[in-house]
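Note that this note's numbering has the sequence shown beginning at 709, numbered continuously upward. Just so it is clear, CB atoms sit at the ideal spot from N, CA and C, and this is done for glycine as well. All figures in this text were calculated on a predicted structure; none of them were measured in a lab. So the structure is just underneath, and the comments pick up after that.
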Amino acid sequence: MSPAATTDKKQSGTARVLGSASAGICEIAVFHPVDTISKRLMSNHGKISSLTQLNTVIFREHAAKPLVSRAFTLFPGLGYAACYKILQRVYKYGGQPFANEFLTKNFQDCYDSWFGPKTGKALMSATAGSLIGIGEVVLLPLDVLKIKRQTNPESFRGRGFFKILADEGFGLYRGWGWTAARNAPGSFALFGGNSFAKEYIFGLSDYSSATWTQNFVTSIFGASASLIVSAPLDVIKTRIQNKNFDNPESGVTILKNMAKNEGIGSFFKGLTPKLLTTGPKLVFSFALAQSLIPAFDNLLK
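Below, the structure written as structure tokens:
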């Protein structure tokens, strides 16, 4: 077994939960309005040709209000978003190291022989991220409710959380296949890009020893790769989820209509603002989690 791939320090499960949860809380506090804007841009059909139209797409019926009042309308679904984001970050950032340790224990020799120790180590991290990303569909109902509150609040029609759960049941998992298809390459690219940057730019043998600056830089590589790779499936997923509960539309139908009516470029709608908005959000939380987990581990000793 190659020593190059066994030098990562293991943190406790408690440290991983605390570090990733803290990152999720900070992320939601800072970036929820940005996420709302991104989701509304992805849900918009047709081209935006003026600032007035852009204002209407983002702020909807509140477009004529003063700027400060409009800003406060960008916080719909905050409760769902907080629950979803914290659970997601704990699962994703806290769970990926466990999956990576499993792969290292059972498949390290295969990766080393196929790709070499350094590349194999980075690819194991990417594969672990992909596996965790697929399992993320468990949290899909919270994501669905968050997106509907952001883009289609009329679909709630005065119903509360538990009433919607009772009424919709497994309908809240609509689009789970597209979500898994988006998460697998997206998470592979996120953790893979991050690991390759740590391996080949900073030459780190222990990824957990990275400084805040190193985590920030490597997170930029991972987040950018993840957003670009997952963009087309993310647009389809968002459009599936923002439909009315009583008027669902399949991903295949959405894909066909987009290709026919809006062109191939429609699959990358919102990518630029997403790179400029969601990108920093993902970089922020990913870098923070990678720095906080070792910090909590040291505090708990």
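With a Cβ-Cβ cutoff of 8 Å, do Leu850 and Tyr799 count as a contact? Within the sequence shown, numbered from 1, the residue matching residue 850 stands at position 142. Within the sequence shown, numbered from 1, the residue matching residue 799 stands at position 91. Taking 8 Å as the Cβ cut-off, Leu850 and Tyr799 do not qualify as a contacting pair.
CB-CB under 7 Å to Ala888, same chain, minus the five flanking residues each way: which ones, in chain order? Counted from its first residue, the sequence shown places residue 888 at position 180. Excluding positions up to five away in sequence, the list reads Ile842 and Val845.
Inspect the CB distances between the stretch 753-761 and the stretch 712-732 and report whether three or more fall short of 8 Å. no
Are Arg882 and Ser938 closer than 8 Å when you measure CB to CB? The sequence position of residue 882 within the sequence shown is 174, counting from 1. The sequence position of residue 938 within the sequence shown is 230, counting from 1. No, Cβ-Cβ distance for Arg882 and Ser938 is not below 8 Å.
Assuming Leu782 and Ile733 form a contact by the criterion Cβ under 8 Å, report the distance between their Cβ atoms to the nearest whole angstrom. In the sequence shown, counting from the first residue as 1, residue 782 sits at position 74. In the sequence shown, counting from the first residue as 1, residue 733 sits at position 25. About 19 Å; that fails the 8 Å criterion.
For the stretch 745-822, which segments carrying the alpha helix (DSSP H) assignment without a break, of at least 4 residues, lie completely within its bounds, in sequence order? 759-767 and 775-779
Run of the alpha helix (DSSP H) containing Val845, from where it starts to where it stops: Position 137 of the sequence shown, counted from the start, is the residue given in the question as residue 845. No alpha helix (DSSP H) holds Val845; DSSP gives it neither H nor E.
C-alpha distance - Asn752 paired with Val765, whole-angstrom precision: Residue mapping note: residue 752 aligns to position 44 of the sequence shown, counting from 1. Residue mapping note: residue 765 aligns to position 57 of the sequence shown, counting from 1. Their backbone Cα atoms lie some 7 Å apart in a straight line.
Nearest-angstrom Cα separation, counted from Asn1006 out to Ser917: In the sequence shown, the residue the question calls residue 917 occupies position 209. In the sequence shown, the residue the question calls residue 1006 occupies position 298. Looking at the two C-alpha atoms, the distance is approximately 12 Å.
Classify Gly828: buried if its beta carbon has 16 or more other beta carbons within 10 angstroms, exposed otherwise. Sequence index remark: in the sequence shown, residue 828 carries index 120 (1-based). Flag for Gly828 reads buried.
Do you know how far the Cα of Arg797 is from the Cα of Lys718? Along the sequence shown, one-based indexing puts residue 718 at 10. Along the sequence shown, one-based indexing puts residue 797 at 89. Straight-line Cα distance between these residues: approximately 18 Å.
Which class does Ala737 belong to by DSSP, given the choice of helix, strand or coil? Within the sequence shown, the letter at position 29 stands for residue 737. Note: Ala737 maps to helix in three-state DSSP.
Three-way DSSP call (helix, strand, coil) for Ser720 in this model: Here residue 720 is taken as the residue at index 12 of the sequence shown, counted from 1. In this structure, Ser720 counts as coil in the three-state DSSP scheme.
What's the C-alpha gap between Ser720 and Ser999? The sequence position of residue 720 within the sequence shown is 12, counting from 1. The sequence position of residue 999 within the sequence shown is 291, counting from 1. Taking the straight line from one Cα to the other gives about 14 Å.
Among Cys818, Lys856 and Phe739, which has the Cα closest to the Cα of Ala779? Sequence index remark: in the sequence shown, residue 779 carries index 71 (1-based). Residue Phe739 is the option with its Cα nearest to Ala779.
With respect to the alpha helix (DSSP H) encompassing Glu907, which residues constitute its N-terminal and C-terminal limits? Looking up residue 907 in the sequence shown gives position 199. Where Glu907 is concerned, the enclosing alpha helix (DSSP H) stretches over Trp884 to Tyr908.
Three-state secondary structure (DSSP) at Leu1017? Lying before the first or after the last residue shown, residue 1017 is absent from the chain, which here runs from 709 to 1009.
For a quick check, are the C-beta atoms of Leu749 and Lys977 less than 8 Å apart? Stepping through the sequence shown from its first residue, residue 749 is reached at position 41. Stepping through the sequence shown from its first residue, residue 977 is reached at position 269. Yes, they are a contact pair.
Run of the alpha helix (DSSP H) containing Thr919, from where it starts to where it stops: The sequence position of residue 919 within the sequence shown is 211, counting from 1. Taken as a continuous stretch (DSSP letters only), Thr919 belongs to no alpha helix (DSSP H), as it is neither H nor E.
Which same chain residues, not among the five before or five after Leu912, have their C-beta less than 8 Å away from its C-beta? Numbered from its first residue, the sequence shown carries residue 912 at position 204. So the list reads Lys906, Ala918 and Gln922, once near-sequence residues are dropped.
Taking the C-alpha atoms as reference points, what is the distance between Leu898 and Leu935? Position 190 of the sequence shown, counted from the first residue, corresponds to residue 898. Position 227 of the sequence shown, counted from the first residue, corresponds to residue 935. Their backbone Cα atoms lie some 8 Å apart in a straight line.
Using beta-carbon positions only, say whether Leu983 and Ser927 come within less than 8 Å of one another. As a first step, residue 983 must be located in the sequence shown, where it is residue number 275. As a first step, residue 927 must be located in the sequence shown, where it is residue number 219. Contact flag unset, no.
Per DSSP, what kind of secondary structure is Asp743 in: helix, strand or coil? Position 35 of the sequence shown, counting from 1, holds the residue named residue 743. Here Asp743 sits in helix by DSSP.
Excluding the 5 residues preceding and the 5 following Cys663 in the sequence, name in chain order all residues of the same chain whose CB lies nearer than 7 Å to its CB. Residue coverage of the chain in this structure runs from 709 to 1009, which leaves residue 663 outside it and unanswerable.
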